[in-house]
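**Q**
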Ligand code: ADP
Ligand code: MG
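In our numbering, the protein residues as written are 766 to 1379.
#1: Report the rounded CA-to-CA distance for residue 1130 versus residue 972, giving the unit in angstroms.
#2: Alpha carbon to alpha carbon, what distance is there between residue 1091 and residue 967?
#3: Take residue 1005 as the anchor and find which of 814, 1364, 977 has the nearest alpha-carbon.
#4: So, at 6 Å on beta carbons, what are the nonlocal neighbours of residue 1097 in its own chain, with the 5 sequence-adjacent residues on each side left out?
#5: As a quick exercise: from 792, 1038, 1127, pick the residue whose alpha carbon is nearest that of residue 853.
#6: Would you check if there are 3 or more beta carbon pairs closer than 8 Å linking the stretch 1180–1195 to the stretch 1135–1145?
#7: Going by alpha carbons, who is nearest to residue 899 out of 833, 948, 921, 916?
#8: Within 10 angstroms of the Cβ of residue 913, are there 16 or more other Cβ atoms? Answer buried if so, exposed if not.
#9: Around the Cβ of residue 1252, are there at least 16 other Cβ atoms within 10 angstroms (buried) or fewer (exposed)?
#10: Report the three-state DSSP secondary structure of residue 1068 (helix, strand or coil).
#11: Any heavy atom of the ligand MG inside 8 Å of the beta-carbon of residue 1278?
#12: Just to confirm, does residue 893 get its C-beta within under 8 Å of one of the non-hydrogen atoms of the ligand ADP?
#13: Using beta-carbon positions only, say whether residue 1067 and residue 1138 come within less than 9 Å of one another.
#14: Is residue 1285 a contact residue of the ligand ADP, with contact defined as CB to any heavy atom under 8 Å?
#15: Just to check, is the beta-carbon of residue 999 closer than 8 Å to a non-hydrogen atom of the ligand MG?
#16: May I have a chain-ordered list of the alpha helix (DSSP H) segments no shorter than 4 residues that lie completely inside the stretch 1087–1147?
#17: Beta carbon of residue 1005: closer than 8 Å to some heavy atom of the ligand ADP?
#18: Is residue 1098 near the ligand MG, with its Cβ less than 8 Å from a heavy atom?
#19: Taking just the CA atoms, how far does residue 906 sit from residue 1388?
#20: For residue 1363, which of helix, strand or coil comes out of DSSP?
#21: Output the residue ranges of the alpha helix (DSSP H) runs that lie fully inside the stretch 977–1028 and measure 4 residues or longer, sorted by chain position.
#22: Considering only the alpha carbon of each residue, which of 790, 1303, 803, 795 lies closest to residue 784?
#23: With distances taken from CA atoms, which of 874, 797, 889 is nearest residue 824?
#24: Roughly how many angstroms separate the alpha carbons of residue 1070 and residue 1002, rounded to a whole number?
#25: Which same chain residues end up closer than 8 Å to residue 1244 when comparing Cβ atoms and leaving out the 5 residues on each side of it in sequence?
#26: What separation, rounded to the nearest whole angstrom, lies between the Cα atoms of residue 1062 and residue 1077?
#27: I need the straight-line Cα distance from residue 1300 to residue 1311, nearest angstrom please.
#28: CB of residue 867 to nearest heavy atom of the ligand ADP: below 8 Å?
#29: Taking the alpha helix (DSSP H) that residue 971 falls in, what are its first and last residues?
#30: Counting pairs of beta carbons, one from the stretch 913–927 and one from the stretch 872–892, are three or more of them closer than 8 Å?
#31: Using alpha carbons as the reference points, say which of 1044, 1011, 1019 lies closest to residue 1031.
#32: Would you say the beta carbon of residue 1039 comes nearer than 8 Å to a heavy atom of the ligand ADP?
#33: On the three-state DSSP scale, how would you describe residue 1206?
#34: In this structure, how does DSSP classify residue 842 when only helix, strand and coil are distinguished?
#35: Tell me which residue opens and which closes the alpha helix (DSSP H) that residue 863 is part of.
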């Protein structure tokens, strides 16, 4: 996601102190933390060199809390006090949890409300927020130790389909862990950011995330530097576990079940599955039998979940109203996409090779780390500095090719400002809106961001309609401009990323030019405004003379025509003082005629009313 990345105005900034921020992938099965280390953003390993932290929390006998591998070891021994897949429970009510066909060997706290499920453990009642917080605390401690300093912020990823409650509870967990949440980021967006896809102009991206127990597919579209989620699909019960289970059944059948526990067979299946991602065939012994299994055999045994994933993929594309050929990039995420059969199926489906150069376990965390580094204010790779302010003023074109500023530069975002505009001509029913960026007064000297049209304005005399134009910049720097006619509620809207295509040098020179031309610009504005006033008056009078010729007195039309001619003569070449003076003369010469018209119209209106009243 391209953010408001700009260089500090006024030359090269002094290199700011590097501030510590991390990206965290809080996964269902595994979690990771990543941060900038020198030039690259990398996942941070624990003291054994392992980056993946199993998302499992065990509340032990002596009051200790174990997270990760040690907790995982306890999952089979003491399941009631070992919480796995807490992420599945975030933001859900107890009744919703009961409908998940996911085995949960827990005793839920009966004193809690249905909306706030909590698990009874020997360490007390633990809700999914505090379980998640335990995982986050470990990652925070790992990062602070590795980076040798206190963290100032974190970006945490969530599935694109997470609702408000699920997002809020993720935030709550982070706060409980003592993290300052800079932003929650959608997992597929993070994956796309990790591959630098956000720097492209536009494109359609599919993020294919096959994890341990869940499958998520997201179709993103990138336009003008903004990611939009076009469709999400998936299955919360489809993942690596299904491949393990199917393969374990076969193993049991082959070796005979005797003497082996369910857990042992599952473990064996999982190990062989992993080895088959590297080797064509694996030799192993199970229940003292020497056996061999090939990649092909494994693929045939486990084809069902993969076919299901591809069907979901097809449906999501249909939801996004895109065809396979319209997809520019496919990003693979999740440990299960290491399986060669998955890569082949994806490549065949889209007719192109998916992106795989970043470790599929780490890609989400890496993208979050990149985002965190930018958000905390460190210079990103391209020497840009993030500022949470509008780097240049945002405004709208008004008559006379002038720019009316609505949000001045250096306003902190998010921000919302509104201003009222009106029509220029009688009977005008549409208004062309031109969104501008820059400090100069003239449209020609500013950047054009977008154009849109508001239609459905009721026909009225010039200046009577009220059009409320609202500029809103959200925390991501995305600008929404809406125009609403206040009487009928007719509305039009557009979104644009003002930072898109804006380079540090451009901002600098735009600011410099506006200073150099400040005086000239002021004169230009008053000249153009005078010209607009003049044209408007000439138009109005021409219309009036045609509409009510009988109200003109002897010689009046000639005097008016003379004043009009004088004004027209200076329209293009005259100074603003000349224009103002001659506009005023025309106003004076035509003043009586205008007053007579006003009286006549009021009289007519009253008469009409009286007749109606009879
Ligand atoms: P989650 O997003 O649910 O936390 P992960 O992305 O960490 O899950 O994926 C975990 C899954 O990936 C497990 O089922 C694991 O067996 C599988 N996996 C990891 N490495 C490999 C590999 N080399 N070959 C096949 N499957 C793998
Ligand atoms: Mg994941």
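Note that beta-carbon positions come from the ideal geometry of N, C-alpha and C, so glycine has one too.
**A** Let me spell this out:
#1: 14 Å
#2: 12 Å
#3: Closest in alpha carbon position to residue 1005, among 814, 1364, 977, is 977.
#4: 973, 1119, 1121, 1125
#5: Residue 853 has its Cα closest to that of 792, out of 792, 1038, 1127.
#6: no
#7: 833
#8: exposed
#9: exposed
#10: helix
#11: no
#12: Within 8 Å of the C-beta of residue 893 there is not a single heavy atom belonging to the ligand ADP.
#13: Contact: no.
#14: no
#15: no
#16: 1105–1115, 1128–1140
#17: yes
#18: yes
#19: The structure shown has nothing for residue 1388, since the chain only spans 766 to 1379.
#20: helix
#21: With a minimum length of 4 residues, the continuous alpha helix (DSSP H) runs that stay inside the stretch 977–1028 are 1005–1020.
#22: 803
#23: Across the set 874, 797, 889, the C-alpha of 889 shows the shortest separation from the C-alpha of residue 824.
#24: So the alpha carbons of these two residues sit roughly 10 Å apart.
#25: 1159, 1200, 1214, 1236, 1237, 1238, 1260, 1261, 1262, 1263
#26: 24 Å
#27: 17 Å
#28: No, the ligand ADP has no heavy atom inside 8 Å of this Cβ.
#29: Unbroken run through residue 971 is the beta strand (DSSP E), 967–975; no alpha helix (DSSP H).
#30: no
#31: 1011
#32: yes
#33: coil
#34: coil
#35: 859–864
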